[in-house]
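All residue numbers for the sequence shown refer to numbering that gives the first Met the number 0, where the first residue is 0 and numbers rise by one. Comments concern the structure below.
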Amino acid sequence: MPALFTFLLLAFLLGPIAAIGMRQLNDSKTEICFIGNHYALLQNKLNYQEYYWNKTIIATLYLVDIATGLRWKIAENPKALLINGTLSPAEKYATWYDVALKCYRIYDISTGTTHSLPKQITAIVKWQENDTSFIAYDNYDIWEMNLTQSRCLTNHYGRKQKIIFRQLDDTLLIALNTKNKQNGFWRLTKADPMKYTMDDCLYYFPIYPIDQFKPIYANGTYLVNKQTAQSPPNLYTTTNFNIFIPQTAVPPAYTIQVQMMRFKGITGILYMPQEINPTQKYPIIFTYYGKYSNNLHRHLPLQLSEGTLNIPTYISKGYIVFIPDIQVKPGAPGASTAKTIIKSAKHLGKYPFIDKKRMGLQGFSFGGYITNYIITHSDLFAAAQETAGPTDFISGYGSIRKLTGNSYQPLYETGQNEMKVPPWGNLKRYLRNSPILKVHHINTPLLIMHNEDDNQVPWAQAAELFTALRRLQKPVWWLQYKNEGHQLTNLANQQDFTTKQMEFFDHYLKGGPMPEWMSGSGQP
Numbered sequence: 000m001p002a003l004f005t006f007l008l009l010a011f012l013l014g015p016i017a018a019i020g021m022r023q024l025n026d027s028k029t030e031i032c033f034i035g036n037h038y039a040l041l042q043n044k045l046n047y048q049e050y051y052w053n054k055t056i057i058a059t060l061y062l063v064d065i066a067t068g069l070r071w072k073i074a075e076n077p078k079a080l081l082i083n084g085t086l087s088p089a090e091k092y093a094t095w096y097d098v099a100l101k102c103y104r105i106y107d108i109s110t111g112t113t114h115s116l117p118k119q120i121t122a123i124v125k126w127q128e129n130d131t132s133f134i135a136y137d138n139y140d141i142w143e144m145n146l147t148q149s150r151c152l153t154n155h156y157g158r159k160q161k162i163i164f165r166q167l168d169d170t171l172l173i174a175l176n177t178k179n180k181q182n183g184f185w186r187l188t189k190a191d192p193m194k195y196t197m198d199d200c201l202y203y204f205p206i207y208p209i210d211q212f213k214p215i216y217a218n219g220t221y222l223v224n225k226q227t228a229q230s231p232p233n234l235y236t237t238t239n240f241n242i243f244i245p246q247t248a249v250p251p252a253y254t255i256q257v258q259m260m261r262f263k264g265i266t267g268i269l270y271m272p273q274e275i276n277p278t279q280k281y282p283i284i285f286t287y288y289g290k291y292s293n294n295l296h297r298h299l300p301l302q303l304s305e306g307t308l309n310i311p312t313y314i315s316k317g318y319i320v321f322i323p324d325i326q327v328k329p330g331a332p333g334a335s336t337a338k339t340i341i342k343s344a345k346h347l348g349k350y351p352f353i354d355k356k357r358m359g360l361q362g363f364s365f366g367g368y369i370t371n372y373i374i375t376h377s378d379l380f381a382a383a384q385e386t387a388g389p390t391d392f393i394s395g396y397g398s399i400r401k402l403t404g405n406s407y408q409p410l411y412e413t414g415q416n417e418m419k420v421p422p423w424g425n426l427k428r429y430l431r432n433s434p435i436l437k438v439h440h441i442n443t444p445l446l447i448m449h450n451e452d453d454n455q456v457p458w459a460q461a462a463e464l465f466t467a468l469r470r471l472q473k474p475v476w477w478l479q480y481k482n483e484g485h486q487l488t489n490l491a492n493q494q495d496f497t498t499k500q501m502e503f504f505d506h507y508l509k510g511g512p513m514p515e516w517m518s519g520s521g522q523p
């Protein structure tokens with residue numbers, strides 16, 4: 000049997016135990032973070048979900064000499080995780096992020112010493128030749144650093160002007176102005192960066208997880224993508240980032256008017272029909288999920304709903320939609336987010352073209368929780384639709400994820416729900432943030448969509464809310480779709496939900512007829 004085949008077969012049979020040159024690198028208690036040519040970086044196997052309280056096994060990093068098999072410990076932290084472990088290209092350094100210290104750390108393999116980077120550094124991007132230095136980012140600027148020196152390549156211009164700079168190549172930068180959301184291209188110089196162009200559009204930026212097309216370079220020309228809120232993504236070529244020659248001409252499927260809004264400490268995006276009749280009052284729906292305003296120039300797809308609110312669909316039907324940035328206050332996720340929505344509604348309700356008596360709420364997942372919290376504390380809204388939203392923090396804390404079997408405890412203590420303690424650590428905090436305990440205050444008609452196979456938010460959360468409202472004889476409807484989880488994936492189900500969501504809002508916000516599925520005279 001050829002030696003290579005024997006090696007590959009053994010490596011496959013060993014599974015998680017790695018073999019290089021037939022030498023075992025890790026054991027049943029460790030796993031490999033990174034393998035280089037000369038060294039491998041290992042870490043202890045941990046229960047990552049429980050590590051914030053379960054320290055039976057301590058987060059530890061080891062370096063292994065592949066040639067000799069010699070292994071030694073380079074870092075450990077009993078308080079928090081060590082993440083993003085890797086080796087530099089020339090394998091002179093090991094790097095990782097220390098969650099407890101809130102900084103990146105670098106281990107010098109030749110000296111055995113460990114160095115901490117400034118806490119402002121958010122990412123180590125790439126190493127220069129022979130590991131002489133590395134490129135790093137903070138929230139705004141770009142740095143070149145080594146273990147003894149650092150230089151801000153963008154001359155602190157980003158932080159001064161509130162512009163985020165990121166590298167596309169050695170000298171070409173992409174930028175996002177966090178104040179007006181303009182996007183554009185710049186060039187590194189020995190002083191401040193030099194601007195090529197900054198426009199009210201979206202070319203490309205790494206913080207956007209979707210709808211991205213990184214510029215491509217060939218033969219002195221760049222191929223770039225460009226979109227605006229009104230125009231869909233199209234391709235352009237440029238040689239100087241001042242003149243852009245269109246290569247495609249995809250037309251918009253809808254018209255829309257978009258405005259950045261800032262008032263009373265709130266930032267958000269207002270979406271409106273292109274033509275607003277100043278003598279007419281329009282219904283408005285508020286939807287929310289975190290910080291959204293960076294999407295100002297993103298062209299939203301016209302599509303069926305998987306559980307959210309498809310904004311272009313509602314704008315085309317004569318609705319106005321507002322999405323505020325929300326910030327969750329630890330220990331008070333309900334009150335802190337509801338305050339932003341209610342303040343926004345009261346402010347926008349003063350606009351002459353907005354009907355303050357026909358305001359609606361729509362939230363998905365954590366946004367669904369915000370919806371549930373708001374309607375237990377305010378009668379300001381004429382209708383609400385929530386998808387897969389938590390409502391009972393006590394029962395939710397003790398639940399198990401249906402598909403994976405993991406506990407929901409980390410979500411509440413250290414995750415998005417921001418409670419910071421278990422229920423027995425501050426019971427009043429959990430009670431205050433559980434809408435189910437104030438369900439008798441709900442007067443807003445509510446449409447729930449929550450599916451039994453949801454692995455993100457327990458289906459029982461919807462059951463608690465629906466049965467309580469039914470017991471109180473309040474207007475409530477619950478949509479469930481078979482073989483669906485947190486979001487709808489089946490096109491027929493998406494079509495059905497999109498239709499029912501629109502019919503619900505049309506009835507309560509436009510005075511349309513109640514559909515049969517809501518009146519009980521038709522099939523659900």
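Positions of the beta carbon are idealized from the N, C-alpha and C atoms, including for glycine. All figures in this text were calculated on a predicted structure; none of them were measured in a lab.
Is the separation between the beta-carbon of Asp452 and that of Gly404 shorter than 7 angstroms?
No, the pair does not count as a contact, with Cβ atoms beyond the cut-off.
Between Lys118 and the ligand NAD, is there a pair consisting of the residue's CB and a ligand heavy atom that are separated by less than 6 angstroms?
Only the bare structure without any ligand can be found here, which leaves the ligand NAD out of the picture.
So, helix, strand or coil for Gly317, using DSSP?
Gly317 falls in the coil class under three-state DSSP.
Here's the rule: buried if 16 or more other CB atoms are within 10 angstroms of the residue's CB, otherwise exposed. What is Asn25?
It is buried - the Cβ of Asn25 has at least 16 other Cβ atoms within 10 Å.
Who are Asn182's beta bridge partners in DSSP?
According to DSSP, which records beta bridges pairwise, Asn182 is partnered with Leu175 and Asp198.
Work out the CA separation of Pro444 and Lys473 for me, nearest whole Å.
Spanning the two alpha carbons is a distance of roughly 7 angstroms.
If you drop the 5 nearest sequence neighbours on each side, which residues of the same chain put their C-beta closer than 8 angstroms to that of Thr497?
These residues qualify, in order along the chain: Leu303, Ser304, Asn309 and Thr312.
On the DSSP bridge list, what partners appear for Gln258?
DSSP, once it has assigned bridges, lists Leu269 as partnering Gln258.
Pull up the DSSP beta-bridge partners for Trp95, would you.
Beta-bridge pairing links Trp95 to Arg104.
Going by other Cβ atoms of all chains shown within 10 Å of its Cβ, with 16 needed for buried, is Tyr216 buried or exposed?
So Tyr216 counts as exposed.
Restricting to runs no shorter than 3 residues, where is the beta strand (DSSP E) found entirely within the segment 285-368?
Runs found: 319-323 and 353-363.
Based on the DSSP secondary-structure assignment, which residues constitute the bridge partners of Thr131?
None; Thr131 has no bridge partner.
Can you tell which of Ile441, Val438, Ile435 and Gly395 has its C-alpha closest to the C-alpha of Pro421?
Measuring from the Cα of Pro421, the nearest candidate turns out to be Gly395.
Suppose you measure from the CA of Met259 to the CA of Phe321; what does that come to, to the nearest Å?
In a straight line, the C-alpha of Met259 is about 10 angstroms away from that of Phe321.
What three-state label does DSSP hand Gly84 in the structure shown?
Gly84 falls in the strand class under three-state DSSP.
With distances taken from CA atoms, which of Gly362, Gln361 and Lys345 is nearest Lys355?
For the residues Gly362, Gln361 and Lys345, the minimum Cα distance to Lys355 belongs to Lys345.
Measuring CB atoms only, is the segment 430-449 touching the segment 380-398, in the sense that at least three cross pairs come out at less than 8 angstroms?
Taking 8 angstroms as the limit for Cβ pairs, the verdict is that the segment 380-398 does touch the segment 430-449.
Using CA coordinates, which residue listed in Asp199, Trp52 and Leu410 is at the minimum distance from Ala174?
When each option's Cα is compared against that of Ala174, the closest is Asp199.
Which stretch, first to last residue, makes up the beta strand (DSSP E) that contains His114?
Taken as a continuous stretch (DSSP letters only), the beta strand (DSSP E) holding His114 covers Thr112 to Ser115.
My understanding is that Leu41 touches Ile31, with C-beta atoms under 8 angstroms, so please give their C-beta distance in whole angstroms.
Confirmed, about 6 angstroms.
Would you mind stating whether Trp95 and Leu116 have Cβ atoms separated by less than 7 angstroms?
Cβ atoms of Trp95 and Leu116: not closer than 7 angstroms.
From the DSSP output, in three-state form, read off Glu143 for me.
Looking at Glu143 - three-state DSSP - the assignment turns out to be strand.
Within the same chain, show all residues whose beta-carbon is closer than 7 angstroms to that of Gly317, passing over the 5 residues directly before and after it, in chain order.
Closer than 7 angstroms at Cβ, skipping near neighbours: Pro272 and Tyr281.
When the Cα of Ile369 is compared with those of Tyr288, Thr153 and Leu464, which residue comes out closest?
The shortest Cα separation from Ile369 among Tyr288, Thr153 and Leu464 belongs to Tyr288.
Beta strand (DSSP E) containing Ala122: first to last residue?
Ala122 to Trp126 is the extent of the beta strand (DSSP E) around Ala122.
Please work out which residues of its chain come closer than 8 angstroms, Cβ to Cβ, to Cys151, disregarding the five sequence neighbours upstream and downstream, and give them in chain order.
Counting only Cβ-Cβ distances below 8 angstroms, and skipping sequence neighbours, we find Asp140, Ile141 and Trp142.
Mind checking Lys189: buried by the 16 CB within 10 Å criterion, or exposed?
The residue in question, Lys189, is exposed, as its Cβ has fewer than 16 Cβ neighbours within 10 Å.
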